[in-house]
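Residue numbers (my numbering): 60 to 252.
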């Protein structure tokens, strides 16, 4: 079933098909099992559990970078490095951690991974990296920063499966989202429990 509009893809959730372009340029269909519609970026206090639920993220369940490496080799890392290089060029005077450059990098990297692997596999790779980056057993990042990264990953994934972006340059798509203030450019501020 080809996707005709965003509401068709994101409307009811489970079992719908989404298209992505694989490395050879073929259009491939994936099962999409989540609603990628997001709230706006926020600098207000947010509830961590609610945001994790909204992002369909479970920090305790699933693989990390090791799982991705075993399944895909170095390719996801190469895609992430490509996104990092573009972000560095666009945001020369930023550190690239918990800032606009970081937001842009995550959105672009997730966009490219979604185009390459489809939304389901890209989400596993991206969530796994936040859960257990490298060969560590758990993330060393603070929760608000992890949620910032996951949020921007979702923004990139949503843009990648949006048919209106099919023929656009990925960098231009993410730049437009950045200019429209759709990216979370600093860690989420979490309510204390």
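Idealized CB from N, CA, C, for every residue including glycine. None of the values given here were measured: they were computed from a predicted structure.
Measuring alpha carbon to alpha carbon, tell me which of the options ends up nearest residue i.
i, options, result
"residue 172", "250, 229, 121, 237", "229"
"residue 183", "131, 107, 218, 154", "131"
"residue 102", "234, 118, 157", "157"
"residue 107", "201, 153, 151, 154", "201"
Return helix, strand or coil for residue i, following the three-state DSSP convention.
i, result
"residue 236", "helix"
"residue 249", "strand"
"residue 156", "coil"
"residue 99", "coil"
Considering only their Cβ atoms, is the gap separating residue j from residue i smaller than 8 Å?
i, j, result
"residue 216", "residue 160", "no"
"residue 181", "residue 164", "no"
"residue 146", "residue 167", "yes"
"residue 110", "residue 247", "yes"
"residue 211", "residue 162", "yes"
"residue 219", "residue 236", "no"
"residue 1", "residue 250", "Nothing about residue 1 can be reported from this structure: the residues present for the chain run from 60 to 252 only."
Check whether the Cβ of residue i sits closer than 7 Å to any heavy atom of the ligand PLP, and report yes or no.
i, result
"residue 112", "Among the components modelled here there is no ligand, and therefore nothing to report on the ligand PLP."
Count the C-beta pairs between the stretch 180-189 and the stretch 121-139 that are closer than 8 Å, then say yes if the count reaches three, no if not.
A contact exists between the stretch 180-189 and the stretch 121-139.
Count the CB pairs spanning the stretch 234-244 and the stretch 200-213 that are closer than 8 Å, and state whether there are at least three.
Yes: at least three Cβ pairs fall under 8 Å.
At 4 residues or longer, and completely inside the stretch 161-214: list those alpha helix (DSSP H) runs for me, N to C.
Note on the stretch 161-214: whole alpha helix (DSSP H) runs with a minimum of 4 residues are 178-190, in chain order.
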